[in-house]
Amino acid sequence: MSSIYDVIDQKVIDYAEVIVILFEHCNLRCVMCPQDHESEENISRQQILSKVNYVAEWINNNTKTKYFKIHIMGGEVFEDFFVDQDYLDIYQEFMDEVRKSIVDEEKDVVFNFVTNLVFNRSQKVLDFLEKNDLEISTSYDSTGRFSKKDLDLFKANIEFFKERISMVACVMTAPSIKSVIKGDEYFDYLYENFLIDWDSLWPTQTDNINRFLMPKESEVFEFYKTLVDRYPNCLNIEHFVTDKPRMKMSCTRGNNTTILQDNTVPKGCSGAAYLKDGKTRDPGTDDIVINFFEKYNCFECPYFQKCPFTCFIKADYRYIEEDLSECVFKQTFRYAEEKKISAQSA
Numbered sequence: 030m031s032s033i034y035d036v037i038d039q040k041v042i043d044y045a046e047v048i049v050i051l052f053e054h055c056n057l058r059c060v061m062c063p064q065d066h067e068s069e070e071n072i073s074r075q076q077i078l079s080k081v082n083y084v085a086e087w088i089n090n091n092t093k094t095k096y097f098k099i100h101i102m103g104g105e106v107f108e109d110f111f112v113d114q115d116y117l118d119i120y121q122e123f124m125d126e127v128r129k130s131i132v133d134e135e136k137d138v139v140f141n142f143v144t145n146l147v148f149n150r151s152q153k154v155l156d157f158l159e160k161n162d163l164e165i166s167t168s169y170d171s172t173g174r175f176s177k178k179d180l181d182l183f184k185a186n187i188e189f190f191k192e193r194i195s196m197v198a199c200v201m202t203a204p205s206i207k208s209v210i211k212g213d214e215y216f217d218y219l220y221e222n223f224l225i226d227w228d229s230l231w232p233t234q235t236d237n238i239n240r241f242l243m244p245k246e247s248e249v250f251e252f253y254k255t256l257v258d259r260y261p262n263c264l265n266i267e268h269f270v271t272d273k274p275r276m277k278m279s280c281t282r283g284n285n286t287t288i289l290q291d292n293t294v295p296k297g298c299s300g301a302a303y304l305k306d307g308k309t310r311d312p313g314t315d316d317i318v319i320n321f322f323e324k325y326n327c328f329e330c331p332y333f334q335k336c337p338f339t340c341f342i343k344a345d346y347r348y349i350e351e352d353l354s355e356c357v358f359k360q361t362f363r364y365a366e367e368k369k370i371s372a373q374s375a
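Numbering (my numbering), first residue to last: 30 to 375.
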C-alpha cells in the first residue's frame, strides 16, 4: 500500500534527518519541554554507543538521498558535568563509529549538536567543534526558558560560538510570540546575525500547561504577519515570500527517523512519542497527516505547491482554539501576496 508520503513525494524533503536523543538530563527547566531533566538514566558510554548500529543501518538502507544530517541532543549534551567527565570523547567515538559503519562512500553524513549554550566549559567545547569542523544549533525564547543568570551566560556563549552557530530555533508559544510582536531587542539582534527558525509548539505537557502555551489560530496568523513584515528571512517564512513556484514542506516526516534515549524508535517523528491530548489514535501513522489534508482540502489549495504545511503533531492537539475561517497558512500566503502587490504599485 502507498503511504501519503508517496502521494506527496514532491513535497517530502530531499535530504534525510536523523535525530539522536542521548539522555534527558538538563541544566534548564524550559516550560515547554516534556523531558525529565532530573533523569540520570541512559547517561553512559555504553548506552550512547548502543545507538550507532541503528543510525548506521538506517542510513545504509536509505535510498532516497545522499545527504544525511544527524542532530545529536539531550537533555543538554555540553553540561559542565559531562564535559568534565570526558563525554566529548564519547561523542567523538560515537561519530567515528557511525562514519566507519556507512557502506556507501558517496553518502554525506553531517553531525549537528543541539545545545542550550548555558555552560561554562566553552573553550573545551569549541576545541571539540573545531577539531571536527562541526556547527551547532541552539534555542532562544523570549519567555519560559532562561533565568537572568542563564540568559547572561547564553548571550556570552552566543558571542563565543558565533562562527559555529548554524541556526537559532524558537518555539511559538503564546507568551513568546506576544513578546516578539511587542518587541524584543535581543531577538532582533539574533535575527540580524543568525538564521532563525520558528518551531510549532508540541502539545506534550499537562493539559493546563498546553492550554496556556498553545496560541490561538488568530494569534498565530498575527504572528506570521509580523514575521512577514519585520522578519522575512526567518526560515519558516521563506515559503510565503519566495518567488519559487515550488517548495518542500518544512516537516521532515517521510525522510526522517528518531532514536530516543532508551533506544526506542517512534513512528512518524520524535513528537509522536510525546504528544498529549491528540485527536488521532496513533500519531505515528499517516492518519495524522491525512486528517490535516482532508480538514483543509489541501490538494485543491492554490498554494499547495509552495506551502510548508503544519507541524502535524501540533495540528492534532484537540484543544487548539481554531478561531479563523480558513487555514492560517492560506491566509498568510494571501497576506504576503497583497503586501508584495502593494509594494510594487507604490
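Just so you know, even glycine gets a beta-carbon here, dropped at the ideal spot from N, CA and C. Every value quoted in this text rests on a predicted model; they were computed, and no experiment measured them.
Close Cβ partners of residue i (< 8 Å) along its chain, the five nearest in sequence each way excluded
i, result
"Asp-226", "Met-196, Val-197, Ala-198, Cys-199, Cys-263, Leu-264 and Asn-265"
"Leu-163", "Phe-140, Asn-141, Phe-142, Phe-157 and Arg-193"
"Ala-203", "Phe-241, Leu-242, Met-243, Pro-244, Lys-245 and Glu-248"
"Phe-322", "Ile-33 and Phe-328"
"Met-30", "Note that Met-30 scores 44 on pLDDT, short of 50, meaning its location in the model is unreliable and no value can be drawn from it."
"Asp-236", "Lys-305, Asp-306 and Tyr-348"
"Lys-254", "Thr-361 and Tyr-364"
Same chain, Cβ closer than 6 Å to residue i, five either side skipped, listed in chain order
i, result
"Arg-74", "Ile-119"
"Val-154", "Phe-107"
"Gly-300", "Trp-231 and Ile-342"
"Leu-146", "Thr-167, Phe-183 and Asn-186"
"Ala-375", "none"
"Lys-296", "Gly-313"
"Glu-329", "none"
"Tyr-96", "Tyr-44 and Asp-137"
"Cys-62", "none"
"Asn-285", "Glu-46"
Contact under 7 Å by Cβ, residue i with residue j
i, j, result
"Pro-244", "Asp-306", "no"
"Cys-280", "Phe-338", "yes"
"Asn-149", "Asp-109", "yes"
"Tyr-44", "Thr-92", "no"
"Gln-64", "Glu-46", "no"
"Val-49", "Ile-288", "yes"
"Phe-250", "Gln-360", "yes"
"Ala-365", "Phe-269", "yes"
"Phe-333", "Cys-340", "no"
"Tyr-220", "Tyr-169", "no"
"Ile-123", "Ser-151", "The amino acid at residue 123 is misidentified as Ile; the sequence shows Phe. Cβ atoms of Phe-123 and Ser-151: not closer than 7 Å."
"Glu-105", "Asn-56", "yes"
"Ile-357", "Gly-173", "Here the sequence assigns Val to residue 357, which means Ile is not the residue at that position. No, these two residues do not count as a Cβ contact at 7 Å."
"Thr-144", "Ile-131", "no"
8 Å contact criterion, which residue i and residue j should meet: CB distance rounded
i, j, result
"Lys-17", "Arg-275", "With the chain covering 30 to 375 only, the question about residue 17 has no answer from this structure."
"Ser-171", "Met-201", "Contact doesn't hold; Cβ gap of about 11 Å is too wide."
"Asp-345", "Thr-309", "5 Å"
"Ser-32", "Asp-315", "5 Å"
"Tyr-34", "Arg-282", "7 Å"
"Asp-291", "Asn-71", "6 Å"
"Asn-239", "Tyr-348", "7 Å"
"Leu-51", "Ile-101", "7 Å"
Close Cβ partners of residue i (< 7 Å) along its chain, the five nearest in sequence each way excluded
i, result
"Lys-80", "Val-49, Ile-288 and Asn-292"
"Ile-15", "An answer regarding residue 15 cannot be provided, because it is not within the stretch 30 to 375 covered by the chain."
"Glu-351", "Glu-246"
"Leu-353", "Glu-246, Ser-247, Phe-250 and Gln-360"
Q) Can at least three beta-carbon pairs, one atom from the segment 302-317 and one from the segment 245-257, be found at a separation below 8 Å? A) no
(Q) Between the segment 78-85 and the segment 108-128, can you find at least three pairs of beta-carbon atoms closer than 8 Å? (A) yes
Q) Does the segment 173-183 come within contact of the segment 36-51, defined as at least 3 CB pairs closer than 8 Å? A) no
Q. Can you give, in chain order, each stretch of the beta strand (DSSP E) that sits fully within the segment 196-283 and has at least 3 residues?
A. 225-229
(Q) Suppose only complete runs of 3+ residues qualify. What are the beta strand (DSSP E) ranges in the segment 33-84, listed by chain order? (A) 45-50
Q.
Could you tell me which whole alpha helix (DSSP H) segments of length 4 or greater appear in the segment 101-151?
A. 109-113 and 116-130
**Q.** Any alpha helix (DSSP H) of 4 or more consecutive residues that is wholly inside the segment 150-175
**A.** 151-161
**Q.** In chain order, each alpha helix (DSSP H) run of at least 4 residues that lies wholly inside the segment 314-362
**A.** 316-325 and 341-344
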